[in-house]
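Contents: one structure, followed by commentary.
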Amino acid sequence: MADSVLIINAGSSSLKFSLYRENTDKEFVSSANGLLEGIGTKPHLIIKNDNKEIIFEKNWTDPELFKPSARDKLFDETIEWLFHHLGDDTIIGIGHRFVHGGAKYSAPALANDSVYEDLKALTPFVPLHQPGSLSPLRVMLNKNPEIPQVACFDTAFHATMPDYAKRFALPRKYFDDGVRRYGFHGLSYQYIVHYLQETNSPLATGKVIVAHLGNGASVTAIKNGKCVDTSMSFTPLDGLVMGTRCGKMDAAIILYMLQEEKLSPDEIQDLIWKKSGLLGVSELSSDMRDIIHEIKTNGAKSEYAQQALDLFTYRLVGEIGRLIASLKGVDGIIFTAGIGEHSPSLRYEVCKTLNWLGVSIDDEANQSGAVTISKPESKILIQTIPTNEEYIMLKEVLKFTNK
Ligand SMILES: Nc1ncnc2c1ncn2[C@@H]1O[C@H](COP(=O)(O)OP(=O)(O)O)[C@@H](O)[C@H]1O
Ligand SMILES: CC(=O)OP(=O)(O)O
Ligand SMILES: [Mg+2]
Numbered sequence: 003m004a005d006s007v008l009i010i011n012a013g014s015s016s017l018k019f020s021l022y023r024e025n026t027d028k029e030f031v032s033s034a035n036g037l038l039e040g041i042g043t044k045p046h047l048i049i050k051n052d053n054k055e056i057i058f059e060k061n062w063t064d065p066e067l068f069k070p071s072a073r074d075k076l077f078d079e080t081i082e083w084l085f086h087h088l089g090d091d092t093i094i095g096i097g098h099r100f101v102h103g104g105a106k107y108s109a110p111a112l113a114n115d116s117v118y119e120d121l122k123a124l125t126p127f128v129p130l131h132q133p134g135s136l137s138p139l140r141v142m143l144n145k146n147p148e149i150p151q152v153a154c155f156d157t158a159f160h161a162t163m164p165d166y167a168k169r170f171a172l173p174r175k176y177f178d179d180g181v182r183r184y185g186f187h188g189l190s191y192q193y194i195v196h197y198l199q200e201t202n203s204p205l206a207t208g209k210v211i212v213a214h215l216g217n218g219a220s221v222t223a224i225k226n227g228k229c230v231d232t233s234m235s236f237t238p239l240d241g242l243v244m245g246t247r248c249g250k251m252d253a254a255i256i257l258y259m260l261q262e263e264k265l266s267p268d269e270i271q272d273l274i275w276k277k278s279g280l281l282g283v284s285e286l287s288s289d290m291r292d293i294i295h296e297i298k299t300n301g302a303k304s305e306y307a308q309q310a311l312d313l314f315t316y317r318l319v320g321e322i323g324r325l326i327a328s329l330k331g332v333d334g335i336i337f338t339a340g341i342g343e344h345s346p347s348l349r350y351e352v353c354k355t356l357n358w359l360g361v362s363i364d365d366e367a368n369q370s371g372a373v374t375i376s377k378p379e380s381k382i383l384i385q386t387i388p389t390n391e392e393y394i395m396l397k398e399v400l401k402f403t404n405k
């Protein structure tokens, strides 16, 4: 019977969980990993043991479960599986990823009923995420109130941004009321900084732009391991084009939808969070795999898919340019998360567009899954680093236990 820590990472198109078990050297090592992905497209659950062998796999066939609205049901089924298979392990701590901590939480917090209520109140700002994080927390607070449960926030990493990067040009009252540029994907960025430090990378003390490109996508400028600026802001709707989110747009478009189109606030919320981005422009899918597959298979006929991909790339490169100005230079660009880690063609396109900057990509390395994908003569080091938000959460949870 080993001591274990359970980590739950609720994303917008995925639910990831990891179980870390204490070994004889008193280290917590990953013993099981689950990935429920393709929420809103083709959901698929895969759970692997410590030897990376598949111990459970499920593909759902009911088309009703291909809709984004099936998220809660899929989450519940996955969490149920988890409860039944924790075996003899003694869970000494649980980590829950919360995308938004608001103005109150800028560091991991021990969760209780009052923290739960605070986080629930933030749901309108993160409608794709907060419900999926709240529901396992609620279940586990009810079931095992004695186990320390730690809420870990995406927003925490960005607390070091200077005032001008945190502020909107609105009357001061709004900033004081918490209407600020918070930034998200912080657990992922923190992992990348940790990786650079652990591997003694020259980038650990340099000027780095990290592109976290998953179903939610953002880019962050990091100097000496600290966040300087980022593309997401008050909510994870801002910035880049995403799977179903529109990213940055003229705020007056919302007024147009309200006043001219007479859409209700709920309809607008649905449109900008769930029906826009790659899905809205391609009219095909929110999943970059489907977009790329369509372009490869149908060539010129896949005009909408091509436009969605071009827009995604254009806006990403534009935001990288803005962050280079924030950093006053750049030593390295790092790709991570679903698209960043698994799409060599997207990485290639981005690097090709940044050629004027002295970026030179080694496409053989890029295709092969190597960490460094730039040529030795490239002025900027380009790397692909798999993220591990769960590992950062493990370290935070252990601070709240006696380990
Ligand atoms: N092989 C691949 N090629 C291109 N894109 C991929 C690939 N695998 C995953 N993706 C993209 O990554 C997204 C999921 O990213 P991920 O970071 O795991 O999810 P989340 O944002 O929900 O945490 C998918 O929606 C898909 O667009
Ligand atoms: C903040 C965010 O969008 O997260 P994810 O990419 O995991 O959905
Ligand atoms: Mg994610």
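Position one of the sequence shown corresponds to residue 3 (this note's numbering), numbered consecutively onward.
Beta carbons are placed, not taken as given, at the ideal position from N, Cα and C, and that holds for glycine.
| Check | Outcome |
| --- | --- |
| Beta-carbon spacing of F19, G103 below 7 Å | no |
| V399 versus N25 - alpha carbon distance | 17 Å |
| Lining residues of ligand 1 - beta-carbon closer than 5 Å to any non-hydrogen atom, in sequence order | G13, S14, S15, S16, G216, N217, G218, D289, M290, R291, A339, G340, I341, H344 and S345 |
| Stretch-stretch touch, CB-based, cutoff 8 Å, three pairs: the segment 315-324 with the segment 206-225 | yes |
| Nearest to P346 (by Cα), restricted to the options Q369, T338, V332 and I326 | Q369 |
| Candidates C353, L396, E392 and D289: closest to S376 by CA position | C353 |
| In chain order, each alpha helix (DSSP H) run of at least 4 residues that lies wholly inside the segment 314-393 | 339-344, 346-355 and 365-370 |
| Backbone secondary structure at A253 - three-state DSSP | coil |
| Three-state secondary structure assigned by DSSP to A113 | coil |
| For E200, the three-state DSSP class (helix, strand or coil) | helix |
| Nearest-angstrom Cα separation, counted from M395 out to I9 | 7 Å |
| Pairwise C-alpha distance: K330 and N357 | 18 Å |
| Nearest candidate by alpha-carbon position, reference Q192, set C229, L47 and L172 | C229 |
| F314 to L348 span [Cα, whole Å] | 10 Å |
| contact_flag[the segment 277-289, the segment 244-260] where n(CB pairs < 8 Å) is 3 or more | yes |
| Rounded separation between K406 and R182 - CA only | Because the chain is modelled from 3 through 405, residue 406 falls outside the range shown and cannot be assessed. |
| Given 8 Å, three or more beta-carbon pairs between the segment 164-172 and the segment 89-104 | no |
| Through-space distance from G188 to N390, alpha-carbon basis | 11 Å |
| H102 beta carbon near ligand 2 (any heavy atom closer than 6 Å) | no |
| Which listed residue (Y350, S135 and S6) has its alpha carbon closest to that of I149 | S6 |
| Unbroken stretches of the alpha helix (DSSP H), 4 residues or longer, contained in the segment 164-237 | 165-168, 174-178 and 188-200 |
| Beta carbon of G36 nearer than 7 Å to that of I56 | no |
| Where D5 falls: helix, strand or coil (DSSP) | strand |
| Cα-Cα separation, L407 to P173 | Nothing can be reported for residue 407, as the shown portion of the chain is limited to 3 through 405. |
| Same chain, Cβ closer than 8 Å to L136, neighbours up to 5 away in sequence not counted | Y118, L121, K122 and T125 |
| Endpoints, beta strand (DSSP E) assigned at R247 | No beta strand (DSSP E) contains R247, which DSSP labels as neither H nor E. |
| Three or more C-beta pairs below 8 Å linking the segment 333-344 and the segment 203-218 | yes |
| Neighbour-count burial assignment, Q199, 16 or more Cβ in a 10 Å radius | exposed |
| Buried versus exposed, by CB contacts within 10 Å (16 or more), I335 | buried |
| Expected contact under 8 Å - CB spacing of E351 and N11 to nearest Å | Between N11 and E351 the Cβ distance is about 28 Å, and since that is not below 8 Å, they are no contact. |
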